[in-house]
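Participant: In the order they appear, the protein sequences are chains A and B.
Under the working numbering, the final residue of the first sequence carries the number 328; numbering is consecutive throughout.
Under the working numbering, the final residue of the second sequence carries the number 397; numbering is consecutive throughout.
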Amino acid sequence: MKRELVRVEDLTVRFEARERVVHAVNGVDLALAEGETLGLLGESGSGKSVTLRSLMRLLPPRRARIGGRILFAGEDVLAMDARRLEDHRGRSVAMVFQEPMLAFDPVFTIGEQIAETVRRHEGVDRAAARRRALEMLERVRIPGAARRLDAYPHEMSGGMRQRAMIALALSCRPRLLLADEPTTALDATVQIQILLLLRELQKELGMAMIFVTHDIGVAVETSDRIAVMYAGRIVEGGTARDVVRTPRHPYTAGLLASRARGAPKGARLDAIPGAPPDLARLPVGCAFAPRCAQAMAECGEAVPAPRALGGGHEARCLRAEAPRAA
Amino acid sequence: MAPPPAAATILPPAQRHRGYWAGVGRRLLRDRVAMACAAVLLAILLAALLAPWLGLADPYRGSIARRLRPIGFTTPQGFTHWLGTDEQGRDMLARLVHGARLSLFLGVVPVVNAFVIGSALGILAGYAGGKVNMAIMRTIDVFYAFPSVLLAIAISGALGAGISNSLLSLTIVFVPPIARVAESVTTSVRALDFVDAARASGAGAFTIIRVHVLGNVLGPVFVYATGLVSVAMILASGLSFLGLGTRPPEPEWGLMLNTLRTAIYSQPLVAALPGAMIFVVSICFNLLSDGLRSAMDVKL
Chain A
3 MKRELVRVED
13 LTVRFEARER
23 VVHAVNGVDL
33 ALAEGETLGL
43 LGESGSGKSV
53 TLRSLMRLLP
63 PRRARIGGRI
73 LFAGEDVLAM
83 DARRLEDHRG
93 RSVAMVFQEP
103 MLAFDPVFTI
113 GEQIAETVRR
123 HEGVDRAAAR
133 RRALEMLERV
143 RIPGAARRLD
153 AYPHEMSGGM
163 RQRAMIALAL
173 SCRPRLLLAD
183 EPTTALDATV
193 QIQILLLLRE
203 LQKELGMAMI
213 FVTHDIGVAV
223 ETSDRIAVMY
233 AGRIVEGGTA
243 RDVVRTPRHP
253 YTAGLLASRA
263 RGAPKGARLD
273 AIPGAPPDLA
283 RLPVGCAFAP
293 RCAQAMAECG
303 EAVPAPRALG
313 GGHEARCLRA
323 EAPRAA
Chain B
98 MAPPPAAATI
108 LPPAQRHRGY
118 WAGVGRRLLR
128 DRVAMACAAV
138 LLAILLAALL
148 APWLGLADPY
158 RGSIARRLRP
168 IGFTTPQGFT
178 HWLGTDEQGR
188 DMLARLVHGA
198 RLSLFLGVVP
208 VVNAFVIGSA
218 LGILAGYAGG
228 KVNMAIMRTI
238 DVFYAFPSVL
248 LAIAISGALG
258 AGISNSLLSL
268 TIVFVPPIAR
278 VAESVTTSVR
288 ALDFVDAARA
298 SGAGAFTIIR
308 VHVLGNVLGP
318 VFVYATGLVS
328 VAMILASGLS
338 FLGLGTRPPE
348 PEWGLMLNTL
358 RTAIYSQPLV
368 AALPGAMIFV
378 VSICFNLLSD
388 GLRSAMDVKL
């Protein structure tokens, strides 16, 4: 058993606007070992990105109320002071953003931006930081890396920028990489290149990774374990294989059924009926119950506790014991 | 997919490292209108700086006998007043060239002051947000409520005539619009992903302001401020015209326009010259600022 790197206990995040309180994350428990990859799967508004950002405390401090505990290598992230937090970000934990175009500052070159981060965390001189930037660009296999060092973000293609973003994130050898839908903004052929690159670099550098995506295929491709989120809760978690082969939560089953893969041309895809709940007015019971074909009266009474299904596989569903035809 | 090993050799030879500003300069050099305006402004600036050494007539010495002479008038002694003489018989060319010193000074310095103060206020308001933003921006709105001419006249009137007072009043007039531009750009930059990305890589608030906010905000604010130079010149001239700025016999275009206005029927061309100078210089600043704006816009 590898050493535990991240432990999240009963994480809750609320966003307080004037008259509305949005419950974005409602009791998430996570554990991640060194070198392991967790895929956080869910649709927009399921709280997956918010969970990810709270690991770095990147949420706007004025509006976001974070509860629960986040431990990184035994240290409480929520208790860090500003200086410790700046040290934590970028050095221990780094992040790859969804939109590489927006995640780079348009008025500085790629090389300057990578070197800036290296200098901040490692206190090396300008030349050494530049060398590290070049080395990182080569590592993410940007062709003509030396030339790209002096390129501005708008001079690069989307895939190239995302590679540069990965180079920036990995420049200080973080122990945990957070990837917030890193391939969503890219076209299909580039997506798979970036996924392969991420997986390779992860093995090479031996870091842990949390990969947020709404694409089951991507989650399976990259992750050892998958956690499916719905309305701010993890409704099902387990090894990638268990979750995809034998989904026990009707929401996971619905997601798998709604994929286009294998469906005959022209046939309607099985969409999950209804829409996700309003996070300002969550139902008392299972948040998925109003959309669930197998809902029972008890489903509306209380949020189901996670049920262990063997081999680390868990689901928050009252019917989870009974094997079902997905 | 790994790139083929030959890829590096197919690529064009490595370009020389060129900064953002080098690129801006290159694009600006290709802009003919902006370059023509820059040339005119440079010529006027040089003439103003070198005025005492250009062999011009004394701008303060008049002659009762030769008042309001037309353009190209030559005295019996053989001295040609290329641009005529004013209502006290002083050489117009000399006065216009010497006047450029004060007029340009009054146009540029208040804007530079306001640029520094206004950007600082605007960036602070935009980055801090919340109550700080509220306090700064609402105070600025109070100044904004008055038309700029009226505000300049009111402040100058209250402080009394004089060059330093008109500098001060013009600075106060230009702080609000610059602060407002800086605030809106800062607010939009702050919400962008790269600020989050910088924070995610461990940058503190100070670093984010110094590197990412300044880098993105100063450009647009600078362009806006160059456009204000012409307004400042016109306002400064206006103040002098009203007797609130420069005092006679100091040559300054606005003041000259004022004192020559009585001669508009007898010597219209000569009387219009200071106005023409104000017009030329301010339109050059405006066109140059337009050129700068398009040269700096790399994000398109």
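Note that CB positions come from ideal geometry on N, CA and C, so glycine has one too.
Predicted model only: the values in this text are computed from it and were never measured.
#1: What is the DSSP secondary structure of Ile168 of chain B, counted as helix, strand or coil?
#2: Looking only at C-alpha atoms, which of A:Ser260, A:Phe110, A:Ser225 sits nearest to Gly120 of chain B?
#3: In three-state terms, what does DSSP make of Leu7 of chain A?
#4: Could you pull the start and end residues of the beta strand (DSSP E) that Tyr232 of chain A belongs to?
#5: Can you give the Cα-Cα distance for Glu157 of chain A and Pro63 of chain A, rounded to whole angstroms?
#6: Any idea what DSSP makes of His123 of chain A, helix, strand or coil?
#7: The region 290-309 of chain B: which residues have C-beta closer than 9 Å to a C-beta of chain A, in chain order?
#8: Cβ of Leu199 of chain B versus every heavy atom of the ligand SAM: is any distance shorter than 7 Å?
#9: Pick helix, strand or coil for Glu300 of chain A, following the three-state DSSP scheme.
#10: Are there three or more Cβ pairs, one per stretch, closer than 8 Å when the region 183-190 of chain B is compared with the region 266-275 of chain B?
#11: Name the residue from B:Ala222, B:Leu193, B:Ser245, B:Ile250 whose alpha carbon lies nearest to the alpha carbon of Gly340 of chain B.
#12: Taking the beta carbon of Val237 of chain A as the centre, do at least 16 other beta carbons fall within 10 Å, making it buried, or is it exposed?
#13: What did DSSP end up calling Glu1 of chain A once you bin it into helix, strand or coil?
#14: Which value, in whole angstroms, describes the spacing of the CA atoms of Gly160 of chain A and Arg91 of chain A?
#15: Which partner residues of Ala33 of chain A appear in the DSSP bridge assignment?
#16: Of all the CB atoms in chain B, is at least one closer than 8 Å to the CB of Thr119 of chain A?
#17: Assign Asp12 of chain A to buried or exposed, taking buried as 16 or more other Cβ atoms, counted over all protein chains shown, within 10 Å of its Cβ.
#18: Please identify the residue among A:Ala84, A:Asp31, A:Ala96 whose C-alpha is closest to the C-alpha of Gly69 of chain A.
#19: Tell me which residues of the region 210-237 of chain B have at least one Cβ-Cβ distance to chain A shorter than 9 Å, keeping chain order.
#20: Look up Phe176 of chain B in the DSSP assignment and say whether it is helix, strand or coil.
#21: From Ala99 of chain B to Val230 of chain A, what does the alpha carbon distance come to, in whole angstroms?
#22: Suppose the cutoff is 6 Å on Cβ atoms and the five residues either side in sequence are ignored; what does the same chain contact list for Leu108 of chain B look like?
#23: List, in order along the chain, the chain B residues whose C-beta lies closer than 7 Å to that of Met138 of chain A?
#24: May I ask you to report which of helix, strand or coil DSSP gives Arg1 of chain A?
#25: Under a CB-based cut-off of 8 Å, is Met158 of chain A close to chain B?
#26: If you run the structure through DSSP and keep just helix, strand and coil, what is Glu347 of chain B?
#27: Just list the alpha helix (DSSP H) runs in the region 59-126 of chain A, keeping only unbroken ones of 4 residues or longer that don't cross its boundaries, in chain order.
#28: May I have a chain-ordered list of the alpha helix (DSSP H) segments no shorter than 4 residues that lie completely inside the region 211-299 of chain B?
#29: Which same chain residues, not among the five before or five after Arg164 of chain B, have their C-beta less than 8 Å away from its C-beta?
#30: DSSP three-state label for Thr185 of chain A, please.
#31: Using the Cβ count rule (16 or more neighbours within 10 Å means buried), how would you classify Phe290 of chain A?
#32: Let me confirm a value: Pro345 of chain B is counted as buried when at least 16 other C-beta atoms fall within 10 Å, else exposed. Which label applies?
#33: Would you call Ala277 of chain A buried or exposed, if buried means 16 or more other Cβ atoms sit within 10 Å of its Cβ?
#34: Look at the alpha carbon of Arg309 of chain A and the alpha carbon of Glu316 of chain A, and state the distance between them as a whole number of angstroms.
#35: Can you list the residues of chain B that Glu88 of chain A reaches, using a CB-CB cut of under 8 Å?
#36: Just to confirm the assignment, what range does the beta strand (DSSP E) spanning Met167 of chain A have?
Facilitator: In this structure, then:
#1: Within the second sequence, the letter at position 71 stands for residue 168 of chain B. DSSP places Ile168 of chain B in coil when its eight states are reduced to three.
#2: Residue 120 of chain B sits at position 23 when you count from the first residue of the second sequence. Ranking A:Ser260, A:Phe110, A:Ser225 by Cα distance to Gly120 of chain B puts A:Phe110 first.
#3: Within the first sequence, residue 7 of chain A is the residue found at index 5, counting from 1. Strand, per DSSP.
#4: Within the first sequence, the letter at position 230 stands for residue 232 of chain A. Counting along the chain, the unbroken beta strand (DSSP E) around Tyr232 of chain A starts and ends at 227-232.
#5: Translated into the one-based positions of the first sequence, residue 157 of chain A becomes position 155. Translated into the one-based positions of the first sequence, residue 63 of chain A becomes position 61. If you take the alpha carbons of Glu157 of chain A and Pro63 of chain A, they lie about 34 Å apart.
#6: Here residue 123 of chain A refers to the residue found at position 121 when the first sequence is read from its first residue. Helix.
#7: Asp290, Phe291, Val292, Asp293, Ala294, Ala295, Arg296, Ala297, Ser298, Gly299, Ala300, Gly301, Ala302, Thr304, Val308, His309
#8: The ligand SAM is absent from the structure shown, which contains no ligands of any kind.
#9: Here residue 300 of chain A refers to the residue found at position 298 when the first sequence is read from its first residue. Helix, per DSSP.
#10: no
#11: For the purposes of this step, residue 340 of chain B is taken as the residue at position 243 of the second sequence. That would be B:Ile250, whose Cα lies nearest to the Cα of Gly340 of chain B.
#12: By one-based count along the first sequence, residue 237 of chain A stands at place 235. Its Cβ being crowded by 16 or more others within 10 Å, Val237 of chain A is buried.
#13: Residue 1 of chain A is absent from the model: chain A starts at 3 and stops at 328.
#14: Locating residue 160 of chain A in the first sequence gives position 158, counting from the first residue. Locating residue 91 of chain A in the first sequence gives position 89, counting from the first residue. Using only the alpha carbons, I get a separation of about 25 Å.
#15: Within the first sequence, numbered from 1, the residue matching residue 33 of chain A stands at position 31. In the DSSP output, where bridge partners are listed per residue, Ala33 of chain A has A:Arg9.
#16: As a first step, residue 119 of chain A is located in the first sequence; it is residue number 117 there, counting from the start. Yes - at least one Cβ of chain B is within 8 Å of the one on Thr119 of chain A.
#17: Against the first sequence, residue 12 of chain A aligns to sequence position 10. That one is exposed.
#18: Indexing the first sequence from 1 puts residue 69 of chain A at position 67. Of the candidates A:Ala84, A:Asp31, A:Ala96, the one whose C-alpha sits nearest the C-alpha of Gly69 of chain A is A:Asp31.
#19: Gly226, Gly227
#20: Within the second sequence, residue 176 of chain B is the residue found at index 79, counting from 1. Three-state result, Phe176 of chain B: coil.
#21: As a position in the second sequence, residue 99 of chain B is number 2, starting the count at 1. As a position in the first sequence, residue 230 of chain A is number 228, starting the count at 1. Note that Ala99 of chain B scores 46 on pLDDT, short of 50, meaning its location in the model is unreliable; the coordinates nonetheless yield the value given after this. If I take the Cα positions, the gap works out to 32 Å.
#22: Numbered from 1 along the second sequence, position 11 holds the residue referred to as residue 108 of chain B. Confidence is the limiting factor: at Leu108 of chain B the pLDDT is only 40, short of 50, which leaves the residue's position unreliable, though a coordinate-based value still follows. Correct list: empty, nothing qualifies.
#23: As a position in the first sequence, residue 138 of chain A is number 136, starting the count at 1. Ordered by position in chain B, no residue passes the 7 Å Cβ test against Met138 of chain A, which lies about 13 Å from the chain.
#24: Past the boundaries of the shown model lies residue 1 of chain A; chain A is included only from 3 to 328, so the question cannot be answered.
#25: Here residue 158 of chain A refers to the residue found at position 156 when the first sequence is read from its first residue. For Met158 of chain A, no CB of chain B lies under 8 Å from its own CB, so it is not counted at the interface with that chain.
#26: As a working mapping, residue 347 of chain B is identified with position 250 in the second sequence. Reduced to three states, the DSSP call for Glu347 of chain B is coil.
#27: 84-93, 102-105, 112-124
#28: 227-241, 245-256, 260-287, 290-297
#29: For the purposes of this step, residue 164 of chain B is identified with residue 67 of the second sequence, where counting begins at 1. Answer for Arg164 of chain B: Thr182, Asp183, Glu184, Gln185, Gly186, listed in chain order.
#30: By one-based count along the first sequence, residue 185 of chain A stands at place 183. Note: Thr185 of chain A maps to coil in three-state DSSP.
#31: Within the first sequence, residue 290 of chain A is the residue found at index 288, counting from 1. Its Cβ being crowded by 16 or more others within 10 Å, Phe290 of chain A is buried.
#32: The count along the second sequence starts at 1 and reaches residue 345 of chain B at position 248. It counts as exposed.
#33: Mapped onto the first sequence, residue 277 of chain A falls at position 275. Its Cβ having fewer than 16 others within 10 Å, Ala277 of chain A is exposed.
#34: Taking the first residue of the first sequence as position 1, residue 309 of chain A is located at position 307. Taking the first residue of the first sequence as position 1, residue 316 of chain A is located at position 314. If you take the alpha carbons of Arg309 of chain A and Glu316 of chain A, they lie about 5 Å apart.
#35: Translated into positions along the first sequence, residue 88 of chain A becomes position 86. Correct list: Gly299, Ala300, Gly301.
#36: Along the first sequence, one-based indexing puts residue 167 of chain A at 165. Looking at the DSSP string, Met167 of chain A is not in any beta strand (DSSP E); the run it does join, the alpha helix (DSSP H), is 160-172.
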